[in-house]
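Residue numbers for the sequence shown, in my numbering: 50 to 314.
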Amino acid sequence: MNRLRRLETFARAGWCARGVVYCLLAFFALTSANASDASPQGVFRAVKEMSGGTYLLVLLAIGLALYGAYRLYGAALDSEGKGDDAKGIAIRIGYAASGIAHFILAWAAVRLASGQAASGNGEQEQAAAGMLLDMPLGGTLLGAIGLCFLAAAAHQMMKAWTTEFMQGVAADAPAWVVPVGRAGLAARAVVFTVIGVSLIRAGWFDLAGEVKGLGDALSALTEHEGLYLLVAAGLFLFGVHSFVEARWRRIRDEDVVARLKAAAS
Numbered sequence: 050m051n052r053l054r055r056l057e058t059f060a061r062a063g064w065c066a067r068g069v070v071y072c073l074l075a076f077f078a079l080t081s082a083n084a085s086d087a088s089p090q091g092v093f094r095a096v097k098e099m100s101g102g103t104y105l106l107v108l109l110a111i112g113l114a115l116y117g118a119y120r121l122y123g124a125a126l127d128s129e130g131k132g133d134d135a136k137g138i139a140i141r142i143g144y145a146a147s148g149i150a151h152f153i154l155a156w157a158a159v160r161l162a163s164g165q166a167a168s169g170n171g172e173q174e175q176a177a178a179g180m181l182l183d184m185p186l187g188g189t190l191l192g193a194i195g196l197c198f199l200a201a202a203a204h205q206m207m208k209a210w211t212t213e214f215m216q217g218v219a220a221d222a223p224a225w226v227v228p229v230g231r232a233g234l235a236a237r238a239v240v241f242t243v244i245g246v247s248l249i250r251a252g253w254f255d256l257a258g259e260v261k262g263l264g265d266a267l268s269a270l271t272e273h274e275g276l277y278l279l280v281a282a283g284l285f286l287f288g289v290h291s292f293v294e295a296r297w298r299r300i301r302d303e304d305v306v307a308r309l310k311a312a313a314s
């Protein structure tokens, strides 16, 4: 039960931190305040400039790190029961990748809180892509990562279409949770698609500069104003959806307890 309590604490704190990041990112994009830097790094810089920003940034980093731990923990122990078949393993690998990505975001927040300069939007991704392209078969691997992003986008869209995300939400959650979750997941799918295509282009054509981070992917849609506004609003709703999961997501159910007990035995 101690393991289950830790899992629940990690998850709820992490969902709250993720909600803050996405809501602020979308706010910047929608209000044109720092619109050119509507990225997680831009959010961290904005938080740092607030009164008591350093402490808030540390709390945000802790939340992101806890979410990363929750995802890695769940991937290793299969706390959501995805199974050991090809589909289940693929989903669990995605959870592990999400965990690592949130640890990286947490580290970026800690670096900024300690006074170290944060990289501009997309710079870290492009530098990493350049290093990968210099390796044998690096372009192939980068393209494969892009395909994984496209698969993740398809999965997000499927969850939005089927409302699969409601399976883990408590029955007493309000009715508005469904449309908010669908809109948020659909917007995230669009952003993942843009990132995936940029990675495939970079891998196939040896163009590390093509790689887009979250903020760059959103900015790439500005040529289509209506789509840009819809996706930015959708990302705000995805942040709200994260708060919904922090409040109403069921973690203490019998299936999870049984799986964690089996893993501990």
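All C-beta atoms in this analysis are idealised placements derived from N, C-alpha and C, irrespective of residue type, glycine included. Note that the coordinates shown come from a computational prediction; the quantities given were computed from them, not determined experimentally.
In three-state terms, what does DSSP make of R54?
helix
DSSP three-state call for V260: helix, strand or coil?
When DSSP states are grouped into helix, strand and coil, V260 belongs to the coil group.
Just reading off the alpha helix (DSSP H) that P89 is part of, what are its end residues?
P89 to K97
Flag this pair as touching only if the segment 254 to 263 and the segment 202 to 222 have three or more C-beta atom pairs under 8 Å; answer yes or no.
no
Have a look at the DSSP bridge pairing and note the partners of V298.
Correcting the residue type first, residue 298 is Arg in the shown sequence and not Val. For R298, which the question treats as bridged, DSSP gives the partners V218.
Contact under 8 Å by Cβ, F287 with A236
yes
Taking its Cβ as the centre, do 16 or more other Cβ atoms sit within 10 Å of Y122, making it buried, or is it exposed?
Buried: at least 16 other Cβ atoms inside 10 Å.
Is the beta carbon of L115 closer than 8 Å to that of A62?
yes
Mapping the DSSP letters down to three states, classify Q165 as helix, strand or coil.
coil
Cβ-Cβ distance between A222 and V293 below 8 Å
yes
Nonlocal neighbours in the same chain, by C-beta distance under 8 Å from T58, ignoring five residues either side:
L115
Beta-carbon spacing of V229, H290 below 8 Å
yes
Alpha carbons only, please: which of T103, C72 and V227 is nearest the one belonging to V159?
Looking from the CA of V159, the closest CA among T103, C72 and V227 belongs to T103.
Smallest Cα separation from Q90: which of L199, L161 and T242?
L161
Report the option in E129, G283 and A157 whose CA atom is closest to the CA atom of C72.
The residue with the shortest Cα to Cα distance from C72 is G283.
Contact check, G245 vs L199, beta carbons under 8 Å:
yes
Just reading off the alpha helix (DSSP H) that T212 is part of, what are its end residues?
Unbroken run through T212: none, as it is neither H nor E.
Which residue's Cα is closest to the Cα of F285: A118, L74, E129 and W64?
L74
What first and last residue would you give for the alpha helix (DSSP H) that runs through G130?
Taken as a continuous stretch (DSSP letters only), G130 belongs to no alpha helix (DSSP H), as it is neither H nor E.
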